[in-house]
Amino acid sequence: MTDTGYPSLRIAGRYRLRRAAILLILVAAVAILCLMSVATGTREVGWSDLLAALQGHNDDVGQAAVAMRIPRTLLAAMAGAALGLAGAIMQGVTRNPLADPGILGVNNGAAMAVVIGIAWFQMSSAASYVLVAILGAGLTSVFVYAIGSLGRGGATPLKLALAGAATSVAFSSLTIAVVLPRNDIAGGVRSWQIGGVGGATFDRIEMILPAMLVGFLVAMLSARKLNLLALGDEVAAGLGEKVALARGVAALSAVMLCGAATAVCGPIGFVGLVVPHICRLLFGVDHRWLLPCSALGGAALLILADVTGRLIARPSELDVGIVTAFVGAPFFIWIVRRQRVREL
Amino acid sequence: MTDSVSPLEALVTGRLRRIRRLRSVILSLLAAVTAFFALTLMLGQSFTPPGDVLQVLLGQDVPGASFTVGQLRLPRAVISVLAGISFGLGGVAFQILLRNPLASPDIIGVSAGASAAAVFGIVFLSLDGAAVSGLAIIAGLGVALLIYVLSFKGGVSGSRLILIGIGVSAMIDSFIAYALARAPSWDLQEAMRWLSGSVNGARLEQAAPLLISLLVFGGLLLGRRRDLEALRMGDDLAAALGVRVGLTRLLVIFSAVGMIAVATATTGPIAFVAFLSGPIAARIVGPNGSILLPSALVGASLVLIGDYMGQFVLSSRYPVGVVTGALGAPFLIYLIIRANRTGSSL
Chain A
3 MTDTGYPSLR IAGRYRLRRA AILLILVAAV AILCLMSVAT GTREVGWSDL
53 LAALQGHNDD VGQAAVAMRI PRTLLAAMAG AALGLAGAIM QGVTRNPLAD
103 PGILGVNNGA AMAVVIGIAW FQMSSAASYV LVAILGAGLT SVFVYAIGSL
153 GRGGATPLKL ALAGAATSVA FSSLTIAVVL PRNDIAGGVR SWQIGGVGGA
203 TFDRIEMILP AMLVGFLVAM LSARKLNLLA LGDEVAAGLG EKVALARGVA
253 ALSAVMLCGA ATAVCGPIGF VGLVVPHICR LLFGVDHRWL LPCSALGGAA
303 LLILADVTGR LIARPSELDV GIVTAFVGAP FFIWIVRRQR VREL
Chain B
3 MTDSVSPLEA LVTGRLRRIR RLRSVILSLL AAVTAFFALT LMLGQSFTPP
53 GDVLQVLLGQ DVPGASFTVG QLRLPRAVIS VLAGISFGLG GVAFQILLRN
103 PLASPDIIGV SAGASAAAVF GIVFLSLDGA AVSGLAIIAG LGVALLIYVL
153 SFKGGVSGSR LILIGIGVSA MIDSFIAYAL ARAPSWDLQE AMRWLSGSVN
203 GARLEQAAPL LISLLVFGGL LLGRRRDLEA LRMGDDLAAA LGVRVGLTRL
253 LVIFSAVGMI AVATATTGPI AFVAFLSGPI AARIVGPNGS ILLPSALVGA
303 SLVLIGDYMG QFVLSSRYPV GVVTGALGAP FLIYLIIRAN RTGSSL
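Protein sequences, first through last, are from chains A and B.
Whatever position you read off the first sequence (first residue = 1), add 2 for the working numbering.
Whatever position you read off the second sequence (first residue = 1), add 2 for the working numbering.
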């Protein structure tokens, strides 16, 4: 009992240990899920084949199947991490427990931008998909936030959620209007729109890698600023933070992350909603821990959703977007029930 | 007649004026629906003169016009009107009951539930006709009940109900997407019906269940008109005025869901008609009385106009739901902005 003066420091140290332990467990969980995802599917693969395939062999059907599942698993992990992180940032930036790239319509905005690019501008190069998706996500975020925060009371959860829902409906109507006259692209657009990681290739992963990396980096650097923003705008400004700038930069990273994820997987909802809430239960509200945890949790959730989708609907498969909606919507309802929602 | 009008007289004349005003609004809306109906029968790829249309309607055989008007345009127009009335009436009943324009069945997932059941019945159980309608009604009621129960927490708050409805409809939408992806023959036009609503390929036989549901559920709803109006002032006041609040609420929800579900089983959930009709009707009628009938007529006009625009005004043919969806979303955004500024509803 020497450091009697600062009991809070000791508690902080203990928390840090606990958090590090949970973080390690999460990393292990993601690794195990990755293995599961590579091993399960329509075709069962034995351990020997699995190991051989992971070392690069491609001799029989089992090993070929594993080779097919590797990019898929990787993509699910990356997209999940991006969406989880984007959700955590959006909840931090808007200080709104219901914020999620899916609920706010940001993913749908990115999707519509891509569809318009395909239909009207004959867009086909990989890089342009990502760029256009990020652009669409950005414009949508600004639009939804502007509508949601108009009038007295600022951006309440209900107004933001409604603005997002309205924008989603409008965008899906417009997307249909764009696709309908074009039977040549309709099939591809539809399967992409449900949200899936089934068509993953290393090329596609490569093309979203730069945007994701930049997004991750900026997001992690914004963690401390998000902590300040959580104290309220006045306090944050009083502590010397440039509130608008911090908000903008953090939001930009979220937009890049979910734009890139949507460009390849189509709009996937609810990952960004569920994961940060669970992480907050585990870690508390410190964004320096919350953000990496949300990324890992998002990766774990999306891989799990993908594996579940493959197991439930054997021998065909269920797209991840559907699985996450079925997991996420009840969770959304639970949060709404817990919260005291203000009347509109 | 100078300043010496007694308060009672003023009250009576004011009331009479409002009734007259409401009556004239309903009559002009009725005239508008009739005009739109007649126009959609006459106009199309080719123009059919009114005389020919009348002859076809009277059952005479007119070369050329008999097919285009009798087989193509008439079923479409009839189904549009009936579905529009169902959506308009069902939607406004929800909005009045929950005292919030955003609590319309297409936002809180009731229409989506009926649509999902219809898709499920058609794709997985190979049902058709009345069985699909029945399934849609059951599912619509089930979803309405689910949302109500989920949002019950020492009373039902309107905002909580809407948010939970948004969550439920997200789940149902993804189920519809899944069911459609599993459909054996992938037909985009057919899929569009269940995603956003369409009157393509309407047949006159389909009018029968719609008509029956309008007579039964619509009659039930209009019979409760006065009680519903009283409920607008709040449950306590309504109860004090002698309204049986619980029973009224139950009957209104049952009949509104019934109408919405039968219409959805026929045309799919035509986007935003249920949501738009009430607020538009409220703006036309003003504080002059019940908006139930005006809203039904507005719904019919919306579907007729939307379908005509989707077919002939735009560059390629769109189902009516795409048009109403694109029209309705800006209006929803306007309502969100306005509702916050004034703090009022509907």
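Just so it is clear, CB atoms sit at the ideal spot from N, CA and C, and this is done for glycine as well.
Around the Cβ of TRP122 of chain A, a 10 Å sphere holds fewer than 16 other Cβ atoms; the residue is exposed.
In terms of Cα proximity to ALA129 of chain A, the closest of A:VAL108, A:PRO332, A:MET209 and A:LEU87 is A:MET209. One alpha carbon belongs to VAL117 of chain A, the other to ASN110 of chain A, and they sit about 10 Å apart. Residue burial is scored here from C-beta neighbours: LYS161 of chain A has at least 16 other C-beta atoms within 10 angstroms and is therefore classed as buried. Look at PHE123 of chain A: its C-beta is not under 9 Å from any C-beta on chain B. In the three-state DSSP reduction, PHE122 of chain B falls in the helix class (H, G or I). Rounded to the nearest whole angstrom, the C-alpha separation of GLY330 of chain A and GLY271 of chain A is 8 Å.
In terms of Cα proximity to ALA54 of chain A, the closest of A:ALA78, A:ALA69 and A:ARG74 is A:ALA69.
Excluding five sequence positions before and after SER297 of chain B, the CB atoms of its chain that fall closer than 6 Å to its own CB belong to GLY90, VAL94, SER279, GLY280 and ALA283, given in chain order. In this structure, DSSP gives PHE333 of chain B a helical state, which the three-state scheme calls helix. When Cβ-Cβ separations below 9 Å define contact, ASP308 of chain A makes no contact with chain B.
Per the C-alpha coordinates, the member of B:GLY86, B:GLN62, B:PHE69 and B:MET235 positioned closest to ILE262 of chain B is B:GLY86. The Cβ atoms of PHE177 of chain B and PHE204 of chain A do not sit closer than 9 Å to each other. Here DSSP, grouped into helix, strand and coil, assigns PHE154 of chain B to strand. Separation of ALA232 of chain A and ASN98 of chain A (C-alpha to C-alpha, rounded to the nearest whole angstrom) is 10 Å.
Boundaries of the alpha helix (DSSP H) harbouring ALA54 of chain A: 49-56, taken from the DSSP string.
Contacts with chain B at 9 Å (Cβ-Cβ) include VAL171 of chain A. The beta carbons of VAL266 of chain A and LEU303 of chain A sit about 17 Å from each other, so the pair does not count as a contact at 8 Å. For GLN97 of chain B, the closest alpha carbon among the candidates B:PRO289, B:LEU294 and B:VAL324 is that of B:LEU294. A direct Cα-to-Cα measurement between ALA67 of chain B and VAL58 of chain B gives close to 7 Å. The three-state reading of DSSP puts HIS59 of chain A in coil, since its state is none of H, G, I, E or B. With contacts defined by Cβ atoms closer than 9 Å, SER198 of chain B and PRO321 of chain B form a contacting pair. Take MET258 of chain A, set aside five residues on each side of it, and the residues of its chain with a beta-carbon closer than 7 Å to its own are ILE136, ALA213, VAL216 and GLY217, in chain order.
Between SER135 of chain B and ALA267 of chain B, the gap from beta carbon to beta carbon is short of 9 Å.
The residue from A:LEU19, A:ARG290 and A:ALA78 with its alpha-carbon nearest to that of VAL40 of chain A is A:ALA78. For VAL329 of chain A, the uninterrupted alpha helix (DSSP H) run begins and ends at 322-340, by DSSP. A distance below 6 Å between beta-carbons, with the five flanking residues on each side excluded, links ALA118 of chain B to the following residues of its chain, in chain order: ILE174, PHE177 and ILE178. With a beta-carbon spacing of about 21 Å, ILE91 of chain A and ALA307 of chain A fall beyond the 8 Å limit used to define contacts. Here ALA33 of chain B is exposed, its C-beta having fewer than 16 other C-beta atoms within 10 Å. Proximity of chain A to LEU152 of chain B at the Cβ level (cut-off 9 Å) is accounted for by ILE335, VAL338 and ARG339, in chain order. The beta-carbon of ALA168 of chain A is placed less than 9 Å from the nearest beta-carbon of chain B.
Its chain contains LEU320 as the residues whose beta carbon lies nearer than 6 Å to that of ILE314 of chain A, once the 5 sequence neighbours on both sides are disregarded; these appear in chain order.
Annotation: the region 213-244 of chain A contains the following complete segments of the alpha helix (DSSP H) (minimum length 4 residues), in chain order: 225-231 and 235-240. Taking 8 Å as the upper bound for CB-CB distance, THR310 of chain A and ALA139 of chain A are not in contact here, some 27 Å apart. Straight through space, the alpha carbons of ARG22 of chain B and ALA12 of chain B are spaced by roughly 15 Å.
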